[in-house]
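Everything on this sheet refers to the single structure shown next.
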Amino acid sequence: GWVIFRSTLMLAFIQLYGGFVWAGFNLATANFIFDAVQKKNIPKISAYFNSFNNLFAFIGSISGGSAIYFLSNSQILVKYNFSPWAGLFLISCLIRLVLPIFFIGKFREVRPVEVSPPAGYFYLYRPAMNMINSFAWISARFKKLQPGADSK
295 GWVIFRSTLM LAFIQLYGGF VWAGFNLATA NFIFDAVQKK NIPKISAYFN
345 SFNNLFAFIG SISGGSAIYF LSNSQILVKY NFSPWAGLFL ISCLIRLVLP
395 IFFIGKFREV RPVEVSPPAG YFYLYRPAMN MINSFAWISA RFKKLQPGAD
445 SK
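Residues 295 to 446, numbered by the numbering used here, are exactly what the sequence shown covers, in order.
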């Protein structure tokens, strides 16, 4: 966000959004581990996952520190009046955008799952049916109030 925006408020909203995205990613990852791994191996695989996750966070921090050292001495950034920090954030952004391309399609479901209904089901059909069903009690009440309804 620092490369594009200079507003602190905008950056705060970007961080808030990023926090929700990472929370969803962590939840999906944990659910995938629980789904894909045998019950007896879950603690071991979770430990591996967290160990590698923290190892790569450490490597990323060290790499970023080293990169800022080299970028501060870069004549290319100085030539275009670009700060080393903005250059580092730009490189980080590009890596984060390009790297997932290598992993798309690599993860598969480990067991058969039913296909989810299309999005229209949740946005159109379900709300309409809920609205129709919410009036069903009114219809039933009027039927009880009609004369001769008990004799049927």
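Yeah, the Cβ is synthetic: ideal placement off N, Cα and C, and Gly gets one too.
The Cβ-Cβ distance between residue 336 and residue 326 does not fall below 8 Å. If you draw a straight line from the Cα of residue 305 to the Cα of residue 299, it is about 7 Å long. Per DSSP, reduced to three states, the secondary structure at residue 311 is helical. Secondary structure of residue 369 (DSSP, three-state): helix. Counting of Cβ neighbours within 10 angstroms places residue 318 among the exposed residues, the total staying below 16. With a cutoff of 8 Å on beta-carbon distance, residue 388 and residue 378 are scored as not near each other. Here residue 381 is buried: its Cβ has 16 or more other Cβ atoms, across all protein chains shown, within 10 Å.
Excluding residues up to 5 positions away in sequence, nothing lies with its Cβ nearer than 8 Å to the Cβ of residue 423 in the same chain.
Distances from the CA of residue 386 to each of 409, 403, 402 and 355 were compared; the closest alpha carbon is that of 355. Counting along the chain, the unbroken alpha helix (DSSP H) around residue 381 starts and ends at 378–392.
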